[in-house]
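K.L.:
Numbering-wise, the working numbering comes out as the position in the sequence shown, counting from 1, plus 337.
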Amino acid sequence: MNFEIQKLSLSRAIQAQLDALIVLWPSLTLPNPLAHDTVSRWVANAIEAGDFELKSGAVMTLYCQPGMVPRHVVVVCTAENKPGQVRSAVQSGWNALKSAKIKHLGLHVVGDATGQGIQLALSSLADASYSYTTTLSKPKSRLLKQVSVSAENSSAALEHAVRHSQALVAGVELAKEWANRPANHATPSHLAQAAKSIAKGSAFQCEVLGPKEVAKLGMGAFMAVAQGSAQPLRFIVMRYNGASATRAPVVLVGKGITFDTGGISIKPAPEMDEMKYDMGGAASVLGVFKALGQLRPAINVVGLIPATENMPDGLAVKPGDVVTSMSGQTIEILNTDAEGRLVLCDALTYAERFKPQAVIDIATLTGACVIALGAVRTGLFSSDDALASHLQQAGEDSGDTCWRMPLDEEYAEGLKTRFADVANVAGRAAGSVTAAKFLQRFSQNFAWAHLDIAGTAWRSGAAKGATGRPVGLLLQYLTEQAIRPSEFLADKPKAAKKVKSSKTTSRSVTPTKGRAVRQA
Ligand code: BES
Ligand code: MN
Ligand code: ZN
Numbered sequence: 338m339n340f341e342i343q344k345l346s347l348s349r350a351i352q353a354q355l356d357a358l359i360v361l362w363p364s365l366t367l368p369n370p371l372a373h374d375t376v377s378r379w380v381a382n383a384i385e386a387g388d389f390e391l392k393s394g395a396v397m398t399l400y401c402q403p404g405m406v407p408r409h410v411v412v413v414c415t416a417e418n419k420p421g422q423v424r425s426a427v428q429s430g431w432n433a434l435k436s437a438k439i440k441h442l443g444l445h446v447v448g449d450a451t452g453q454g455i456q457l458a459l460s461s462l463a464d465a466s467y468s469y470t471t472t473l474s475k476p477k478s479r480l481l482k483q484v485s486v487s488a489e490n491s492s493a494a495l496e497h498a499v500r501h502s503q504a505l506v507a508g509v510e511l512a513k514e515w516a517n518r519p520a521n522h523a524t525p526s527h528l529a530q531a532a533k534s535i536a537k538g539s540a541f542q543c544e545v546l547g548p549k550e551v552a553k554l555g556m557g558a559f560m561a562v563a564q565g566s567a568q569p570l571r572f573i574v575m576r577y578n579g580a581s582a583t584r585a586p587v588v589l590v591g592k593g594i595t596f597d598t599g600g601i602s603i604k605p606a607p608e609m610d611e612m613k614y615d616m617g618g619a620a621s622v623l624g625v626f627k628a629l630g631q632l633r634p635a636i637n638v639v640g641l642i643p644a645t646e647n648m649p650d651g652l653a654v655k656p657g658d659v660v661t662s663m664s665g666q667t668i669e670i671l672n673t674d675a676e677g678r679l680v681l682c683d684a685l686t687y688a689e690r691f692k693p694q695a696v697i698d699i700a701t702l703t704g705a706c707v708i709a710l711g712a713v714r715t716g717l718f719s720s721d722d723a724l725a726s727h728l729q730q731a732g733e734d735s736g737d738t739c740w741r742m743p744l745d746e747e748y749a750e751g752l753k754t755r756f757a758d759v760a761n762v763a764g765r766a767a768g769s770v771t772a773a774k775f776l777q778r779f780s781q782n783f784a785w786a787h788l789d790i791a792g793t794a795w796r797s798g799a800a801k802g803a804t805g806r807p808v809g810l811l812l813q814y815l816t817e818q819a820i821r822p823s824e825f826l827a828d829k830p831k832a833a834k835k836v837k838s839s840k841t842t843s844r845s846v847t848p849t850k851g852r853a854v855r856q857a
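1) So what's Q354 in DSSP terms, helix, strand or just coil?
2) Could you tell me whether any non-hydrogen atom of ligand 1 is closer than 7 Å to the CB of G599?
3) What residue range does the beta strand (DSSP E) around I670 cover?
4) In angstroms with no decimal places, state the Cα-to-Cα distance between L717 and L480.
5) Taking only runs that begin and end inside the segment 522 to 594, name each unbroken alpha helix (DSSP H) of 4 or more residues, in chain order.
6) Since I believe A803 is in contact with K592 (beta carbons under 8 Å), could you give me their beta-carbon distance rounded to a whole number of angstroms?
7) Measure the C-alpha to C-alpha separation of K822 and N782 and round it to an integer number of angstroms.
8) On the criterion of 16 or more Cβ atoms from any shown chain inside 10 Å, does Y400 qualify as buried, or is it exposed?
9) Residues in its own chain within less than 8 Å of E689 by CB, not counting five upstream and five downstream?
10) Consider the C-beta atom of E417 and the heavy atoms of ligand 3; say whether any pair is separated by less than 7 Å.
11) Taking only three categories from DSSP, how would you classify M338?
12) Spell out the partners DSSP gives F637 in its beta bridges.
13) Report the start-end ranges of each beta strand (DSSP E) in the segment 357 to 418 that is 3 residues or longer and not cut off at the edges.
14) Give the C-beta separation of S566 and T645 to the nearest angstrom, bearing in mind that I take them to be a contact with Cβ-Cβ under 8 Å.
15) What's the C-alpha gap between M575 and L652?
16) Considering only the beta carbon of each residue, do I535 and L623 sit closer than 8 Å?
17) Mind checking F756: buried by the 16 CB within 10 Å criterion, or exposed?
18) Can you tell me whether DSSP reads A832 as helix, strand or coil?
19) So which of Y748, S735, A712 has the shortest CA-CA distance to T793?
20) For ligand 2, is there any heavy atom lying closer than 7 Å to the beta carbon of D698?
21) Quick one: is the Cβ of A675 within less than 7 Å of any heavy atom of ligand 4?
22) Less than 8 Å between the CB atoms is what I'm expecting for P586 and P693, so what's the real figure, rounded?
23) Going by other Cβ atoms of all chains shown within 10 Å of its Cβ, with 16 needed for buried, is P807 buried or exposed?
24) Who pairs with G700 in a beta bridge, going by DSSP?
25) What does the Cβ neighbour count give for N432, buried or exposed, with the cut at 16 atoms within 10 Å?
26) Is the segment 434 to 443 in contact with the segment 356 to 369, if contact means three or more CB pairs nearer than 8 Å?
27) D658 lies in the beta strand (DSSP E); which residues open and close that run?
28) Is I594 near ligand 3 - that is, is its Cβ less than 7 Å away from at least one heavy atom of it?
29) By DSSP's criteria, D597 is part of a beta bridge. Which residues make up the other side?
30) Would V696 and V590 be called neighbours here (beta carbons separated by less than 8 Å)?
31) Use the C-beta contact count for A493: other C-beta atoms within 10 angstroms, 16 or more gives buried, fewer gives exposed.
32) Nearest to G454 by alpha carbon, out of G618, G798, L361?
33) Could you tell me how far apart the beta carbons of F559 and L685 are, in whole angstroms, since I believe they sit closer than 8 Å?
34) Per DSSP, what kind of secondary structure is F718 in: helix, strand or coil?
35) Since A458 contacts A628 with CB under 8 Å, what's their CB separation in whole angstroms?
36) Taking Cβ positions, are L554 and M663 nearer each other than 8 Å?
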């Protein structure tokens with residue numbers, strides 16, 4: 338899908354060579370009954386007759402009217418232009434055109450267009466017109482090829498928004514694609530191939546580690562999750578260098594559980610199929626890299642993806658097993674279904690070598706976060722106030738919002754155990770916070786944030802599928818850095834802090850003594 342923008346009045350927009358035109362109309366801009374264009378006169382007359390009101394969700398459709406080139410013209414009210422209102426207006430506009438054959442669509446913004454509004458409108462339109470096709474025998478390809486945005490005003494900011502949206506949509510759709518794919522079409526090796534092909538297309542580096550290299554690094558927690566799977570694990574390292582090598586990178590760590598059965602602590606059967614999106618964090622990292630390759634902002638970013646299945650098996654890790662993480666901390670795995678934190682903790686330790694400005698992990702980590710925040714806002718946990726507020730702001734600006742959650746030390750109480758330095762689960766209470774407290778133990782040496790996307794990366798119900806979140810939030814955060822670098826340098830690497838551990842020096846482990854190790 339290709340996006341472009343033009344400066345046009347509404348009367349010119351309805352003369353453009355388009356199959357359909359969606360007119361986004363805010364409540365406060367009243368139509369002029371004496372206007373030159375037919376649409377304004379229609380809207381004015383309909384309002385006067387009491388047949389139409391400029392309120393949120395109102396839609397009016399016109400078909401093959403004289404004086405208009407597009408066959409379909411749909412007027413939708415964007416109310417006060419709040420993000421949710423723009424999103425639902427675009428959705429209603431597109432739904433009104435659903436059965437029509439639209440290749441070239443116009444999107445006209447009435448009143449003062451803003452970059453943020455255009456980005457929202459374009460990403461909502463892409464979302465509404467997306468459909469998954471990869472594993473269908475007779476896939477229908479997307480008809481919509483071209484979207485021409487028009488507005489009465491024009492500026493560099495609007496052009497920038499269109500360019501940003503183009504890359505954003507490419508990233509979001511890549512993330513959706515991988516999270517939607519069934520687990521037999523999205524194994525750790527498939528994810529690694531995907532990362533390599535994105536890197537190739539965009540000329541940045543991608544390195545993939547397998548079981549041997551990961552064992553050498555001492556990633557005992559990551560390996561414990563993988564040992565029950567016939568699919569070999571992969572540890573994917575992507576490096577985008579858009580700025581000088583002296584600039585500390587932002588490291589993104591994406592949870593890449595390509596299928597989460599729960600392992601020996603097996604999950605109930607209903608809806609277990611949805612656990613194919615347990616690599617939604619990894620998919621969002623791939624999506625961000627895809628977009629970075631198109632936008633080429635002046636920043637450095639590292640992407641890390643620990644990818645494996647979580648399976649029950651004769652070789653699988655058992656409740657009560659104690660493993661040694663790469664950090665040296667020992668972990669008692671009380672519940673094998675709390676596997677995300679186990680793969681992430683070793684990736685977080687690995688992130689230290691990049692001397693990062695900030696490390697952000699993205700994970701479909703807890704059902705408890707779905708209970709706390711639902712599908713609206715991503716859970717944000719951070720030990721660093723500056724980083725947290727940058728991410729919150731990026732969420733608001735992109736419409737891909739998050740909500741900060743607490744990290745009081747008292748929440749870590751339940752992770753204490755007599756048999757290891759830390760247990761991988763606490764009680765049921767505040768489950769998303771205790772999971773974050775676990776990760777925090779491995780993130781002492783840098784500014785760190787954790788995004789729990791269990792609720793936001795997936796849509797349940799009739800329109801079931803991946804959302805591509807939080808690619809929008811992350812891309813906003815990263816591209817802001819290229820525009821205003823000085824503001825972000827406050828998120829500097831922190832001085833190393835000691836982590837409570839009995840043996841912080843032991844860096845290599847023999848993970849599966851006496852047992853077969855599956856290798857690639
Ligand atoms: N992948 C799940 C979390 C999840 C649940 C994501 C629902 C999306 C929707 C994670 O690995 C998990 O199983 N977490 C457990 C943790 C518990 C055992 C402490 C959970 O949330 O139940
Ligand atoms: Mn799990
Ligand atoms: Zn999981």
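Backbone N, C-alpha and C fix where the C-beta goes; we use that ideal spot for every residue, glycine too. Given the structure is predicted, the values throughout are model-derived calculations rather than measurements.
P.N.:
Straight from the coordinates:
1) In the sequence shown, residue 354 corresponds to position 17, counting from 1. Here Q354 sits in coil by DSSP.
2) Counting from 1 along the sequence shown, the entry for residue 599 is found at position 262. Yes, since a heavy atom of ligand 1 falls inside the 7 Å radius drawn around the Cβ of G599.
3) As a working mapping, residue 670 is identified with position 333 in the sequence shown. Per DSSP, I670 belongs to the beta strand (DSSP E) from 667 to 670.
4) To locate residue 717, count along the sequence shown from 1; it is residue 380. To locate residue 480, count along the sequence shown from 1; it is residue 143. Distance between the alpha carbons of L717 and L480 is about 37 Å.
5) 525 to 539, 548 to 554, 557 to 563
6) In the sequence shown, counting from the first residue as 1, residue 592 sits at position 255. In the sequence shown, counting from the first residue as 1, residue 803 sits at position 466. About 14 Å; that fails the 8 Å criterion.
7) To locate residue 822, count along the sequence shown from 1; it is residue 485. To locate residue 782, count along the sequence shown from 1; it is residue 445. The amino acid at residue 822 is misidentified as Lys; the sequence shows Pro. Cα to Cα, P822 sits roughly 22 Å from N782.
8) Position 63 of the sequence shown, counting from 1, holds the residue named residue 400. The residue in question, Y400, is exposed, as its Cβ has fewer than 16 Cβ neighbours within 10 Å.
9) What you label residue 689 is simply residue 352 of the sequence shown in a count that begins at 1. Taken in chain order, the residues that qualify are N782, F783.
10) Position 80 of the sequence shown, counted from the start, is the residue given in the question as residue 417. E417 Cβ: outside cutoff for every heavy atom of ligand 3.
11) Stepping through the sequence shown from its first residue, residue 338 is reached at position 1. M338 falls in the coil class under three-state DSSP.
12) In the sequence shown, counting from the first residue as 1, residue 637 sits at position 300. Position check: residue 637 holds Asn in this sequence, whereas Phe was assumed. Its beta-bridge partners are N578.
13) 357 to 363, 396 to 400, 409 to 416
14) Reading the sequence shown from its first residue, position 229 is the one you call residue 566. Reading the sequence shown from its first residue, position 308 is the one you call residue 645. Between T645 and S566 the Cβ distance is about 6 Å, and since that is below 8 Å, they are a contact.
15) Walking along the sequence shown from the start, residue 575 turns up at place 238. Walking along the sequence shown from the start, residue 652 turns up at place 315. Each residue's Cα considered, the two are about 30 Å apart.
16) In the sequence shown, residue 535 corresponds to position 198, counting from 1. In the sequence shown, residue 623 corresponds to position 286, counting from 1. Closer than 8 Å, so yes.
17) Here residue 756 refers to the residue found at position 419 when the sequence shown is read from its first residue. F756 comes out exposed.
18) As a first step, residue 832 must be located in the sequence shown, where it is residue number 495. Only weak support exists for where A832 lies, its pLDDT of 49 falling under 50; the value from the coordinates is given anyway. Coil at A832, not helix or strand.
19) Start at 1 with the first residue of the sequence shown, and residue 793 comes out as number 456. When only C-alpha atoms are compared, the closest one is A712.
20) Here the question's residue 698 lines up with position 361 in the sequence shown. Answer for D698: no, Cβ out of range of ligand 2.
21) By its list of ligands, the structure shown excludes ligand 4, since it contains just ligand 1, ligand 2 and ligand 3.
22) The count along the sequence shown starts at 1 and reaches residue 586 at position 249. The count along the sequence shown starts at 1 and reaches residue 693 at position 356. The Cβ separation is near 6 Å, so the contact holds.
23) Within the sequence shown, residue 807 is the residue found at index 470, counting from 1. Buried, by the Cβ-count rule.
24) Within the sequence shown, residue 700 is the residue found at index 363, counting from 1. Inspection of the sequence shows that residue 700 is occupied by Ala rather than by Gly. DSSP output for A700 lists D789 as bridge partner(s).
25) The residue you call residue 432 lines up with position 95 of the sequence shown. With fewer than 16 other Cβ atoms within 10 Å, it is exposed.
26) yes
27) Against the sequence shown, residue 658 aligns to sequence position 321. D658 -> beta strand (DSSP E) spans 658 to 661.
28) Residue 594 sits at position 257 when you count from the first residue of the sequence shown. Under cutoff, so the answer is yes.
29) Your numbering for residue 597 matches position 260 in the sequence shown. According to DSSP, D597 bridges with N647.
30) For this step, residue 696 is matched to residue 359 along the sequence shown. For this step, residue 590 is matched to residue 253 along the sequence shown. Result yes, Cβ atoms of V696 and V590 sit closer than 8 Å.
31) For this step, residue 493 is matched to residue 156 along the sequence shown. Exposed.
32) Within the sequence shown, numbered from 1, the residue matching residue 454 stands at position 117. When each option's Cα is compared against that of G454, the closest is L361.
33) As a working mapping, residue 559 is identified with position 222 in the sequence shown. As a working mapping, residue 685 is identified with position 348 in the sequence shown. Contact doesn't hold; Cβ gap of about 11 Å is too wide.
34) Within the sequence shown, the letter at position 381 stands for residue 718. In this structure, F718 counts as strand in the three-state DSSP scheme.
35) To locate residue 458, count along the sequence shown from 1; it is residue 121. To locate residue 628, count along the sequence shown from 1; it is residue 291. Not a contact, Cβ separation roughly 18 Å.
36) Numbered from its first residue, the sequence shown carries residue 554 at position 217. Numbered from its first residue, the sequence shown carries residue 663 at position 326. In contact: L554 and M663 (Cβ atoms closer than 8 Å).
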